[in-house]
Each structure stands twice: as C-alpha cells, then as structure tokens.
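Residue numbers (our numbering), protein chains in the order written: chain A, 60 to 389; chain B, 3 to 269.
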C-alpha cells in the first residue's frame with residue numbers, strides 16, 4: 060500500500076454480532092482533497108470514520124491514514140495526526156471554550172498552548188467567546204468551538220461526521236464556510252453528511268455508501284455515468300407532430316414528453332395541454348453539438364421555442380438513484 | 003510509559019469539572035456532615051461515669067462511621083467519571099486523542115483521590131477535634147487509645163482507592179449516571195464488612211492484622227488499576243458492542259447489493 064494518499068482503504072469490513080455495518084469497502088482519498096462520504100442512516104458512514112479514526116478495529120481488510128497503516132501499534136501516531144469532529148460537539152459544558160481547547164492542547168502535547176488556542180479560536184471567529192462556559196453556547200457556536208478543537212493539532216486528515224446536523228441554515232452555512240476554508244489550509248477533509256447540496260458544493264469527490272460502496276467519483280462523473288445526457292425543450296404550444304420533428308434529427312436518440320420542470324412524463328400525451336406551453340426531453344450524446352440542429356428543426360416546424368438547454372441532474376438524483384435501487388426496487 | 007502531561011491534563015480538567023458540578027459538590031459536602039453528626043452526638047452524650055463496656059461500644063461505633071466517607075464520596079465521584087463523559091458526548095472526541103487508557107484512568111483516579119482523602123481526613127480530624135475539646139476527659143482518653151484508631155487512619159486512602167476503581171469499572175460499563183452511582187456505592191461495601199469486624203472488635207484488632215489487611219487492600223487496589231484499564235475498551239465504549247475480529251464473520255450475504263460499474267477507488 061502506497062503512503063502517498065491521505066487515506067487508503069482496502070476491502071474494509073466491520074461486523075457487529077450478526078450485523079454487517081461495512082462490507083468490503085475500498086477507496087483512496089488524495090492529500091488535500093475534500094472527500095464526501097454519503098449514505099442513508101445506518102449505511103456504515105460513522106462506522107467507517109470510527110475505524111479510520113482508530114476508535115474501533117475492522118473485522119477484516121486494511122487501511123492507512125496519513126500514510127500510517129492502521130494497527131494497535133500505530134494508533135497513537137495516527138491520532139496525533141488526525142482529528143474527528145462528531146455530530147455532537149462533544150464539549151465539556153462546565154468548562155469555558157478556552158479551557159476545553161487548552162485541555163485538548165495538553166492531550167496532544169502541543170507547545171505554545173495559549174497561542175495555538177487563540178489561533179484555533181480566531182480561525183472559527185470565537186475569540187470573543189473564549190471565556191464563556193460551553194454550556195451557555197448555542198448549538199451553532201458549539202459546533203464552531205468543536206471545529207476549533209479539531210484544528211488545534213493542525214491535523215493532516217480531518218474527519219467531519221455530520222458537522223451541520225441539527226443546525227439552522229445560517230449556522231450550517233457558517234460551519235460549511237469554515238470547512239471550505241480547510242481546503243485552503245491543505246487539510247484533507249473526510250466529510251460525512253446527509254446534505255447532498257453541501258456535498259456537491261464542497262467536495263472534490265464523493266462516495267455513496269450503503270453498507271458497501273455504491274459508487275465513487277466527482278459529482279459530474281456520477282451524473283454522466285448514471286444518467287443519459289438529455290436536452291429539455293419548452294415550446295409555447297404543443298408540437299403538432301413531434302415525432303416528425305425529432306425523429307429526423309440524427310443527434311437525437313430518443314425523446315419523450317416532459318413536465319414543465321424538465322422531468323420525464325411518460326404517461327403524457329403530446330407534452331402539454333391543448334394551447335398551453337409544452338416540454339420535451341430529448342436524449343442526446345453531445346448536448347452542445349445537438350442543440351443548434353434541434354433549434355433549427357423546431358423553428359422550421361413553426362414552433363415558438365421558449366427555452367432549450369441541457370438537463371442537469373443534481374447529486375440528489377444520483378444519490379436517490381443509487382439508494383432507491385437497493386431500498387426501493389430490489 | 004505514562005505521559006505525565008496528558009495525565010496531568012486529565013487531573014486538572016476533572017478537578018475543574020468537579021468544582022462546577024453541583025451534584026458532586028453537594029455529595030462531597032453533605033455525606034461527611036451526615037456521617038459526623040451521629041458519632042459526635044453519640045460520644046458527646048456519654049458521661050465520664052458511664053461503664054467501660056458502654057464507653058467501648060460507643061467508641062467503636064463512633065470510629066466506624068467516619069470510615070464510610072472515604073468509600074461513599076469517591077464512589078459517587080468515580081461513578082460519574084466515565085458515564086458523565088458518555089452523557090456529555092465528550093468520550094468519543096477524548097478517545098480520538100493520543101491519550102492511552104491507562105493515562106486517562108490514572109488521571110481520573112488521582113483527580114477523585116485527592117479531594118476524597120482530603121474530605122475524609124478532614125471529617126476524621128474534625129471529629130477527633132470535637133472529641134478532644136468537648137467530650138469528658140475519660141471519654142476522650144478512651145477514644146485516643148482505641149486500638150483500631152491508627153489502623154483506621156491508615157485505611158482511609160486504601161478504602162478510597164478501592165471505591166474509585168470499583169466506581170470507574172462500573173462507570174465504564176453502564177450508560178446512566180444514577181445507575182452507576184447506586185452500583186458503585188454497593189460495590190464499595192465489601193471491604194467495609196471486614197473493617198466493621200475490626201472496628202466492633204469482633205476480630206480483635208492488632209497491629210499485625212491491620213497491617214495484613216492494609217497490605218491486602220493495597221495489592222487489590224494496584225491490581226484493580228490494571229483490571230479496570232482492561233475493561234476500558236474503546237470500541238465497546240463507543241459502540242456498546244464487544245470487538246470481534248474474524249475474517250470468516252466478514253463474509254457478506256450474497257446477492258443483496260448490486261455492484262455498479264463506476265466503483266473505482268483511486269483518485
């Protein structure tokens with residue numbers, strides 16, 4: 060196993076009693092990458108983080124974190140180089156924010172503790188709350204303090220397990236801004252989340268997990284792999300003979316009526332009510348090359364084109380396609 | 003090899019938390035007062051003219067009750083120690099730091115031991131001072147010359163250590179503070195049985211017997227440190243299940259998951 064990657068996981072499996080939490084998972088995370096780890100509840104995300112964070116041992120398989128292979132002899136060295144932020148902030152409510160951080164700074168044996176604590180608090184904008192008891196902070200502020208604690212030891216790899224869970228949108232936005240800032244520091248971030256929009260925005264690559272690894276790649280790669288590329292067309296009125304318009308185009312491999320939002324509507328007649336606007340979904344190989352020909356054909360057919368553009372599938376579509384494939388259709 | 007910086011950090015943190023935990027402060031204050039009232043009243047109520055049998059009985063009783071302080075105060079504190087971390091959600095972040103389980107447990111034990119023996123000796127000292135100042139002279143003399151007095155003074159730290167390790171062991175196993183406290187108080191009682199036999203002179207107290215008992219308790223306390231450290235398993239504490247390492251157990255149920263083509267691990 061090479062030691063160049065920040066995280067290397069090979070055939071990792073974890074069994075609790077008769078329940079398999081993680082099954083034969085393999086992936087690699089490059090140094091400095093923001094890696095999203097997605098999946099439904101009980102998918103094995105937190106178990107994977109705990110294994111990589113040396114909290115629990117795998118049943119089988121191997122992994123290396125920060126270039127160090129997992130094992131009882133290397134646990135302390137790995138812990139020195141990583142940090143884990145859990146869903147719960149995990150702060151001592153009877154201690155102040157600064158006391159919490161100083162405690163952890165001592166556990167890491169950091170020199171210049173006061174300066175480190177101040178730097179970490181500055182990074183999350185909490186210097187003015189340093190002397191407040193953690194029990195008096197809002198959940199959003201606690202999560203920021205928790206992130207400050209994770210920054211103390213300047214980790215090579217940061218595991219963020221649902222860092223925005225339970226936060227209001229403003230607090231979640233603040234925390235995500237801080238996570239985004241970690242990329243600039245060169246920290247490898249391993250982010251588990253339910254919020255697909257934030258994963259799409261923050262992560263270089265994502266893995267979708269449901270006990271076993273379902274897929275991995277950049278959000279764009281996943282979209283391309285799972286969904287055929289298509290163009291959504293909206294016209295002011297339904298076309299009289301759409302098959303004649305679309306079937307004659309060599310770049311169009313197929314078409315179907317669509318909802319006004321661009322989604323397929325296989326049970327619809329001719330793509331809209333009589334007299335109203337209509338939408339069509341056209342399957343193509345190369346949307347950029349096909350769009351001019353489609354526009355010309357529509358104009359030639361006398362259609363008033365309201366809009367034409369490539370259909371964008373969100374990471375949520377990818378996620379649901381993969382998760383429902385197991386949960387709903389199997 | 004124990005890292006004293008990390009152990010010291012745990013001691014400082016624990017002491018700071020204890021000072022601000024009302025339940026701990028009230029317990030550590032009220033219990034000694036409760037265990038001081040009865041023996042003090044018992045000794046002060048007896049007159050110089052009392053029979054030697056009655057005097058001896060009262061002295062035995064009065065010297066026994068304060069010994070409950072070094073058992074019950076640390077039992078309450080240590081019961082909170084690990085389960086309190088679980089309840090606050092601080093255990094997982096703590097276990098992801100480089101601290102070893104022996105360093106963590108030792109730090110917690112020392113942080114409980116220091117206030118527990120301070121309170122215990124203070125209770126004993128206040129009791130003896132009250133006897134010296136306010137009891138009739140023959141009663142005070144009988145108290146000072148009681149054969150079990152030096153042994154009981156010696157037992158205080160040993161009993162406290164026993165209660166601490168029992169409390170930490172229980173606290174590592176259960177998930178609720180109240181349950182941990184109740185079980186810890188129960189768990190701290192066994193050595194009390196033998197001490198009560200000595201205190202009430204069912205077994206004639208002698209220096210040799212007291213020393214043997216103290217030595218035995220010391221050995222048990224040291225062994226308990228390692229025993230509790232073994233109980234303190236990160237995986238069980240975090241997941242609530244015992245670790246299981248078997249490749250055979252990892253065989254997946256076939257046909258439950260569709261493998262998708264783009265799964266590729268390398269970046």
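Note that the Cβ used here is the ideal one computed from N, Cα and C, for glycine as well.
Since the model is a prediction, treat every value here as computed from it, not as a measurement.
Close Cβ partners of residue i (< 7 Å) along its chain, the five nearest in sequence each way excluded
i: residue 352 (chain A); result: 308 and 310
i: residue 109 (chain A); result: 115
i: residue 117 (chain B); result: 20 and 30
i: residue 86 (chain A); result: 68, 266, 272 and 275
i: residue 182 (chain A); result: 207 and 210
i: residue 362 (chain A); result: 294 and 298
Contact set for residue i: own chain, Cβ-Cβ below 6 Å, skip 5 residues either direction
i: residue 87 (chain B); result: 93
i: residue 111 (chain B); result: 166
i: residue 8 (chain B); result: 101 and 105
i: residue 292 (chain A); result: 339 and 367
i: residue 95 (chain A); result: 250, 258, 262 and 265
i: residue 205 (chain B); result: 199
Counted within 10 angstroms of its Cβ, other Cβ atoms place residue i as buried (16 or more) or exposed
i: residue 187 (chain A); result: exposed
i: residue 165 (chain A); result: buried
i: residue 90 (chain B); result: buried
i: residue 56 (chain B); result: exposed
i: residue 124 (chain B); result: exposed
i: residue 314 (chain A); result: buried
i: residue 269 (chain A); result: buried
i: residue 236 (chain B); result: buried
i: residue 54 (chain B); result: exposed
i: residue 170 (chain A); result: exposed
i: residue 150 (chain B); result: buried
i: residue 105 (chain A); result: buried
i: residue 220 (chain A); result: buried
i: residue 258 (chain B); result: Summary for residue 258 (chain B): the model assigns pLDDT 32, below 50, so the residue's position carries little reliability; its value from the coordinates is reported in the next sentence. Exposed: under 16 other Cβ atoms inside 10 Å.
i: residue 228 (chain A); result: exposed
i: residue 193 (chain A); result: buried
i: residue 146 (chain B); result: exposed
8 Å CB neighbourhood of residue i in its chain, flanking five on each side removed
i: residue 250 (chain B); result: Annotation note: pLDDT 40 at residue 250 (chain B) (below 50); position unreliable, no value reported.
i: residue 50 (chain B); result: 138, 139, 140 and 141
i: residue 148 (chain B); result: 61, 62 and 65
i: residue 325 (chain A); result: The predicted model places residue 325 (chain A) with a pLDDT of 46, which falls under 50 and marks its position as unreliable, so this point remains unresolved.
i: residue 239 (chain B); result: 84, 88, 93, 97 and 174
i: residue 134 (chain A); result: 113
Span of the beta strand (DSSP E), counted from its first residue to its last, around residue i
i: residue 82 (chain A); result: 78-88
i: residue 189 (chain B); result: It is not in any beta strand (DSSP E) - residue 189 (chain B) instead sits in the alpha helix (DSSP H) that spans 179-189.
i: residue 367 (chain A); result: 364-369
i: residue 94 (chain A); result: 93-97
i: residue 268 (chain A); result: 264-269
Which residues DSSP lists as bridging residue i, in chain order
i: residue 73 (chain A); result: A:81
i: residue 13 (chain B); result: DSSP lists no partner for residue 13 (chain B).
i: residue 247 (chain A); result: A:216
i: residue 144 (chain A); result: A:219
i: residue 315 (chain A); result: A:340
i: residue 112 (chain A); result: Note: residue 112 (chain A) sits in no beta bridge, so no partner.
i: residue 68 (chain A); result: A:86 and A:122
i: residue 294 (chain A); result: A:337 and A:364
i: residue 276 (chain A); result: A:265
i: residue 97 (chain B); result: DSSP lists no partner for residue 97 (chain B).
Start and end residues, alpha helix (DSSP H) containing residue i
i: residue 136 (chain A); result: 134-140
i: residue 254 (chain A); result: Where residue 254 (chain A) is concerned, there is no enclosing alpha helix (DSSP H), given that its DSSP letter is neither H nor E.
i: residue 36 (chain B); result: 24-46
i: residue 181 (chain A); result: 172-182
i: residue 103 (chain B); result: 103-136
i: residue 274 (chain B); result: Nothing in the structure corresponds to residue 274 (chain B), since chain B is present only between 3 and 269.
i: residue 159 (chain A); result: 156-166
i: residue 82 (chain B); result: 71-90
i: residue 67 (chain B); result: Run containing residue 67 (chain B): none; DSSP gives neither H nor E here.
i: residue 351 (chain A); result: 346-359
i: residue 227 (chain B); result: 209-233
i: residue 306 (chain A); result: 301-306
i: residue 204 (chain B); result: Here residue 204 (chain B) belongs to no alpha helix (DSSP H), and DSSP marks it neither H nor E.
Contact list for residue i against chain B, beta-carbon separation under 8 Å
i: residue 151 (chain A); result: 15, 19, 90 and 92
i: residue 145 (chain A); result: 91, 94 and 95
i: residue 115 (chain A); result: 236, 237, 240, 241 and 245
Proximal residues of chain B, C-beta to C-beta of residue i below 7 Å
i: residue 202 (chain A); result: Going along chain B, no residue has its Cβ under 7 Å from residue 202 (chain A), so there is no contact; the nearest lies around 12 Å.
i: residue 47 (chain A); result: This structure does not reach residue 47 (chain A), given that chain A is present from 60 up to 389, and the question cannot be answered.
Interface residues of chain E facing residue i [CB-CB closer than 7 Å]
i: residue 11 (chain B); result: Going by chain labels, chain E is absent from the structure shown, which instead holds the protein chains A and B.
Beta-carbon neighbours of residue i, restricted to chain A and to distances below 8 Å
i: residue 101 (chain B); result: 166
i: residue 7 (chain B); result: 165 and 168
i: residue 232 (chain B); result: Per Cβ cutoff of 8 Å: no residues; residue 232 (chain B) is ~14 Å from chain A at best.
Where residue i meets chain A, residues with beta-carbon distance less than 9 Å
i: residue 78 (chain B); result: Within chain A, no residue comes near residue 78 (chain B); the closest Cβ sits about 17 Å away, beyond 9 Å.
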